[in-house]
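Comments concern the structure below.
Residue numbers (the working numbering): 2 to 390.
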């Protein structure tokens, strides 16, 4: 399922599951106390804005590309190209530096049903990425693979996929799917509960978790549960992760019927699902730092610029901007582009701009002319924002 040293086999994971689970009723997990070494964190996607300044979209947008089909993730490359995943077909598209789209290839083995298919993409932050990482649904599971990436803008190509992390529970919905490299160089993976809420509280399951592995698929020695890729648990369907200028990790999460969440993620913490949805006040669980009614958010992708957090909302059809207090709660939030672009699946920072990926052709939206689109929105200082606290 995942690799440890060279690569852990399914048998090794089974042994780890037995150790963690014990008997039929797993005990309350006790994470080890660790201190995770990290490199000096940088604002996600940009070095231009100052961390302490709150940022917001200017309100103006420019359509960069049109005609995308059920897009899910967009990853800018150092070369000024960008790669976009199309969920249903498993296709990777390249957005050229000068504009325009071309097909890079199709990830083999993608099986699409409902919300599943080809989901998140990621590359390591280096001048010439050697691999494209992808989260996909297969006939048997959700998994992370890496594909050799070759070429230059206008000629990028992908090679055969190499398994990095396999055995994540799959379903027609609640598949998680976001990938991101943290400031520590580790690969973080969001996994939904696969429509089985019990997965979220079972640390022997990879469902309902945020997972942390090395780029090669090994389990880091300072993970909170020895031998396990589980970083945090008790999640329903997290789909956005990012780090602020202080190295604080943030995550967006779909609720069920009442509350969507913005969480600060700490290793080994339990975020309560399915016992708690939203703020519950139970000391056994970590409460979100902000919550929204589900019809106002349904947050997917997340980007951080300095200490300002941006969340792409699907059902809410808006971009939420959240300003934290020195990288912590309390948090103040405000909506932008409400109803203007339709469903928003992803948001990434590119210099002093945001790129927004609409998601109106996925079967749940109302497609408009040109959908789906890649849209650019400049960032400006939010001088009128009253900082919380």
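Don't be surprised by glycine CBs; every beta carbon is placed ideally from N, CA and C.
DSSP places residue 200 in the helix class (H, G or I) of the three-state scheme. Residue pairing of residue 258 in beta bridges, as defined by DSSP: absent, with no partner found. A distance of 7 Å or more separates the beta carbons of residue 74 and residue 115. As DSSP reads the structure, residue 195 sits in no beta bridge. Pairwise C-beta distances place the region 282-296 in contact with the region 248-268, as three or more of them are shorter than 8 Å.
With the rule of 3 Cβ pairs closer than 8 Å, the region 152-171 counts as touching the region 200-213. Assigned with DSSP and collapsed to three states, residue 172 falls in coil, not helix or strand.
Each of 351, 376, 370 was checked against the Cα of residue 79, and the nearest Cα belongs to 351. In chain order, 283, 286 place their CB closer than 7 Å to the CB of residue 277, counting only its own chain and leaving out the 5 sequence neighbours on each side. The alpha-carbon separation between residue 71 and residue 239 amounts to approximately 19 Å.
Under the 8 Å Cβ criterion, the region 247-257 counts as touching the region 219-239, having at least three qualifying pairs. The closest CA to that of residue 359, considering only 197, 111, 334, 86, is found on 86.
Distance from residue 94 to residue 104 at the Cβ level is roughly 6 Å; contact confirmed, criterion being Cβ atoms closer than 8 Å. Remark: C-beta atoms of residue 348 and residue 342 do not approach each other more closely than 7 Å. For residue 96, the enclosing beta strand (DSSP E) starts and ends at 92-96. Contact between residue 304 and residue 355 holds, since their C-beta atoms are separated by about 7 Å, short of 8 Å. In the DSSP assignment, residue 57 falls within the unbroken beta strand (DSSP E) covering 56-58. Beyond the five residues adjoining it in sequence on each side, residue 374 comes within less than 6 Å, by CB distance, of 64, 67, 359 in the same chain, given in chain order.
Look at the region 270-300 and you find these whole runs of beta strand (DSSP E), each 3 residues long or longer: 291-294.
Residues of the same chain with a CB within less than 8 Å of the CB of residue 98, apart from the 5 flanking positions on each side, are 80, 81, 82, 154 in chain order. Pairing residue 119 with residue 88 gives a Cβ-Cβ distance under 7 Å.
Cβ-Cβ separation between residue 307 and residue 246: approximately 5 Å, consistent with a contact (criterion under 8 Å). DSSP, reduced to helix, strand and coil, places residue 70 outside both helices and strands of the structure shown, so it counts as coil. Under a 10 Å Cβ-count criterion, residue 57 is classified as buried, with 16 or more other Cβ atoms of the shown protein chains found around its own Cβ. In this structure residue 188 does not touch residue 211 by the C-beta definition: roughly 11 Å separates them, more than the 8 Å allowed.
With fewer than 16 other Cβ atoms inside 10 Å of its own Cβ, residue 152 counts as exposed. Under DSSP, residue 157 takes part in no beta bridge, so it has no partner. The beta-carbon separation of residue 138 and residue 176, rounded to 6 Å, stays under the 8 Å limit for a contact.
Excluding sequence positions up to five before and after residue 216, its CB lies within less than 6 Å of the CB of 188, all in the same chain and listed in chain order. With contacts defined by Cβ atoms closer than 7 Å, residue 144 and residue 134 do not form a contacting pair. According to DSSP, residue pairing for residue 250 in a beta bridge involves 244, 266. Bounds of the beta strand (DSSP E) holding residue 331 are 329-337.
In the assembly as shown, residue 59 is an exposed residue. Its beta-carbon has fewer than 16 other beta-carbons within 10 Å.
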